[in-house]
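Below is one structure; the comments refer to it alone.
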Amino acid sequence: MSADAQDEPRGKHGRAPDVLRVGGWLPMREYLQNDEVDFAIVGTGAGGATLACRLAEKGFKVVAFDAGAWWRPLEEFASDESHQKKLFWTDERLCDGEDPVKLGNNNSGKAVGGSMVHFAMVSLRFRPEWFKARSQLGYGVDWPLDWREMWHYYGIIEDALKISGPVNYPWGPDRGRYPYRAHELNAAALVLARGAEALGIGWTATPLATVSAPRGLAHPCAYRGFCVSGCSTNAKQSTLNVWIPRALKAGAEIRDLAMVGRVVVNDAGRCTGVEYFREGRWQFQRARNVVVAGYAIETPRLLLLSATSRFPNGLANSSGLVGKNFMVQSNQAVWGVMDQEIRSYKGPPSLAITEHWNYNDKKDFFGGYSYMSQGPLPVVWALTETRRGLWGDALLKDMQHYNHYVGLKMVGETMPQERNCITLADEKDDYGLPIARVTHSNCDNDRHMIQHALDFMETALAAGGAKDIWRETDDTCHLNGTARMGSDPQTSVVNADCRSWDIPNLWICDGSVFPTVGGVNPSLTIQAIAYRTADRIEALASRGEL
Amino acid sequence: MNPYTSRYPGYDVLNKRDTPSWDAITRKVIAQRMATPSEPGFLDIVRWRALEALCACIVPQAADRPQAPLAGMVDMRLQKNAGDGFRYARLPPLREAWLTGLHALDEESKARHELPFASLERSAQNALLSQMQHGELTSAHWKGMDAQLFFTQRVLPDVCGAYYSHPYAWNEIGFGGPANPRGYVRMYYDRRDPWEAVEAKPGKERQAMEKNRRVR
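Chains as they are written, first to last, in this note's numbering: chain A, 4 to 549; chain B, 1361 to 1576.
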């Protein structure tokens, strides 16, 4: 057995872990630090890994960096919520604002593969109109992307991950059937279905990135239910076991346990590479292009940390918008007790969904929300109970209903607001770098949507048969914004190709680039944008415009 | 607690330790957790006593059953300085919060009862904690830390998070526990795989207990 993944890098000596085989290794190409690679990519999550894979497949020289460890799921992912916190970004961050967010579990990752290693596998397309939210729906801003082009890329990603989903999806333009059949619904999902049918709205089996039939060395999902603690069977199709193995095969190098602390820019105002901390010392990798893909907190943090005399407010920040328009998604829920045994710990946590309120515009707020069935494991569930003030005998008594509890939880679109932002705090982390301060407050529209969702979900849960319903009023999920894409350098950080307006060889490719956030989980859209970005880079390179 | 009054009498998730529901890494990490010593490695003895008493209030464990070493688990976390990945800007870092909070709890207790927190009757302890929960503790001993935030953001998550990561808690609530590689098959309402806890229906506690003894 090799040394602990958190102590010693594994992507070394011309090889990398083969995560699909116990103890296996794959050959990995390595580049010299003095070798000016085509792309240095910071972060290997949904954005960085997808882009690394595609750029390598197109023949570019790629080195991708991740601050986290390169885990072997088959041997190293325990069926245990607490132990698996090793997948989360647990370095300190300060949270303030009127509605400070909680971080570190469902919305961050520190591992090769990023937070897709522990994502709930929910793989949804944006509603087409969201790409023109301002001009078609009257809120937020327009994206510089066309939904038809995105529809094309969504199809590619769904096939790459062999998404298991329904034959017909009830909302939006035709998308064909999903590559793998939908999973069987568990009791928690059936309650959602029952409630939706009672209220006359649509519902469907959730499109999920966990296979319902064998795929290569991966067995079908065994319904362990530990999905958000990391999948130990590789049924989950993620950055870690899909995009990164493909990237390695195509000649990309991945450096694990490598924390990038600065993007280096020369006097001419172009990136020359990245400074990163690995094996106890700061090192430098030369690169023709740098891609920042650290997600909505670490991406702006790195851009701000990389300030120079020429760019005193941080890189790519002539608009002043780096770190601004930080958007969470509202993640409130209703919970109730069923007469029947539900045992929602079995199976993927969100097997059924309704996007009714994403596609229905007869409502008194902007934006949309979906809601899904839930499968909280005991620690997450107990903490949910404590947030409504339960402890002592009252807590133990209510925890006795664990197997009878059922819930509906929203993924709600919040509005972009400049006051919601990532800035640098005075406090330093273990690398000696200022930590991020995350400031977040809901706006009136956010509150209206949450109220609407809680009222509607409560009616739906009661119609599904639940009693003693109560509301979880303060949770959030997914982080986006902070380096928005747009058509105007004055009002955006990158263009439609994820390329900085200010520094032509600096790119940003992750959820940071979202101008608005939509009412669905963002990972599929992040991957689709990354896949598109690689195609655009190839086109630009062929025209000599890189 | 009398086993017959539990909703899952006789269910012991540890009986599955050597079945296809537990893999090697899971056996290892849970064995380590269960072996957490009930003695302080980080806290001084005075604060340790306050922590033990605090844990007993937040999660009252039956005296006639083996107990999860909650104070030890919290202390172990403090030893490792294992943060959450964020903190509210109004709270100090993990260790400082606990050091200040446990000391302040004792001082609040002494001011009211002339006894440290651990020496109070359970009812007086609970009353004091209820005051903390409702933002009524504001003495200088908190060194500016918001006692209510300490209670809701540190005490409850850290103590309850420790308890519900322990197999004894899983037994109590009928959680299936570790599930690799076997997973589950029966997903429908009121369906149970043979390796899941049997719920005792009223009047059928003895039958449930007999079945639970065979759950593997």
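Note that CB positions come from ideal geometry on N, CA and C, so glycine has one too. Model, not experiment: these values are computed from the prediction.
| Asked | Found |
| --- | --- |
| Quick one: what's residue 256 of chain A bridged to in DSSP? | A:66 |
| Using the beta-carbon count (16 or more within 10 Å), is residue 406 of chain A buried or exposed? | buried |
| Taking the beta strand (DSSP E) that residue 373 of chain A belongs to, which residues open and close that run? | 372 to 376 |
| Could one say the Cβ of residue 1378 of chain B lies closer than 8 angstroms to chain A's Cβ atoms, at least one of them? | no |
| Considering only the alpha carbon of each residue, which of A:313, A:66, A:120, A:461 lies closest to residue 269 of chain A? | A:313 |
| Tell me, please, whether the CB atom of residue 227 of chain A is closer than 8 angstroms to any CB atom in chain B? | yes |
| 8 angstroms is my cut-off, CB to CB: does residue 30 of chain A come that close to chain B? | no |
| Spatial neighbours of residue 384 of chain A within its chain, please: CB distance less than 7 angstroms, with the 5 preceding and 5 following residues excluded, ordered by chain position. | 405 |
| Identify the continuous beta strand (DSSP E) that holds residue 42 of chain A and give its terminal residues. | 40 to 45 |
| 8 angstroms is my cut-off, CB to CB: does residue 1550 of chain B come that close to chain A? | yes |
| Name the residues in the stretch 1446 to 1461 of chain B whose C-beta lies less than 8 angstroms from a C-beta of chain A; which are they? | 1446, 1447, 1448, 1449, 1450, 1453 |
| Look at the alpha carbon of residue 1447 of chain B and the alpha carbon of residue 108 of chain A, and state the distance between them as a whole number of angstroms. | 13 angstroms |
| Can you name the residues of chain A whose CB is closer than 7 angstroms to the CB of residue 1469 of chain B? | Ordered by position in chain A, no residue passes the 7 angstroms Cβ test against residue 1469 of chain B, which lies about 17 angstroms from the chain. |
| Give a yes or no on whether 8 angstroms exceeds the smallest Cβ distance from residue 349 of chain A to chain B. | yes |
| Report the CB separation of residue 1526 of chain B from residue 1393 of chain B in whole angstroms; it is logged as a contact under 8 angstroms. | 7 angstroms |
| Check the Cβ-Cβ distances between residue 1427 of chain B and every residue of chain A, and say whether any is below 8 angstroms. | no |
| By the criterion of Cβ-Cβ separation under 7 angstroms, what are the contact partners of residue 1530 of chain B in chain A? | 381 |
| Please name the residue in A:113, A:213, A:514, A:365 whose C-alpha comes closest to that of residue 185 of chain A. | A:213 |
| Please list the partners that residue 86 of chain A has in chain B, where partner means a Cβ-to-Cβ separation under 7 angstroms. | 1389 |
| Suppose contacts are defined by Cβ-Cβ distances below 8 angstroms. Is residue 487 of chain A in contact with residue 324 of chain A by that definition? | yes |
| Which residues in the same chain as residue 1486 of chain B place their Cβ atom closer than 7 angstroms to its Cβ, once the five residues preceding and following it in sequence are excluded? | 1417 |
| Looking at chain A, is there any beta carbon in it that lies within less than 8 angstroms of the beta carbon of residue 1505 of chain B? | no |
| Do you know how far the Cα of residue 1572 of chain B is from the Cα of residue 76 of chain A? | 31 angstroms |
| Would you tell me roughly how many angstroms separate the C-alpha atoms of residue 119 of chain A and residue 46 of chain A, rounded to the nearest one? | 12 angstroms |
| Looking at residue 319 of chain A: is its Cβ nearer than 8 angstroms to the Cβ of residue 149 of chain A? | no |
| Using only the alpha-carbon positions, how far apart do residue 549 of chain A and residue 65 of chain A sit? | 15 angstroms |
| Mapping DSSP to helix, strand and coil, what is residue 356 of chain A? | strand |
| Taking 8 angstroms as the CB-CB limit, is residue 105 of chain A close to chain B? | yes |
| Does any C-beta atom of chain A lie closer than 8 angstroms to the C-beta of residue 1443 of chain B? | yes |
| Runs of 4 residues minimum, wholly inside the stretch 1382 to 1437 of chain B: which ones carry the alpha helix (DSSP H) assignment? | 1384 to 1394, 1405 to 1418 |
| Skipping 5 residues on each side, what residues in its chain have a beta carbon closer than 8 angstroms to that of residue 477 of chain A? | 102, 335, 390 |
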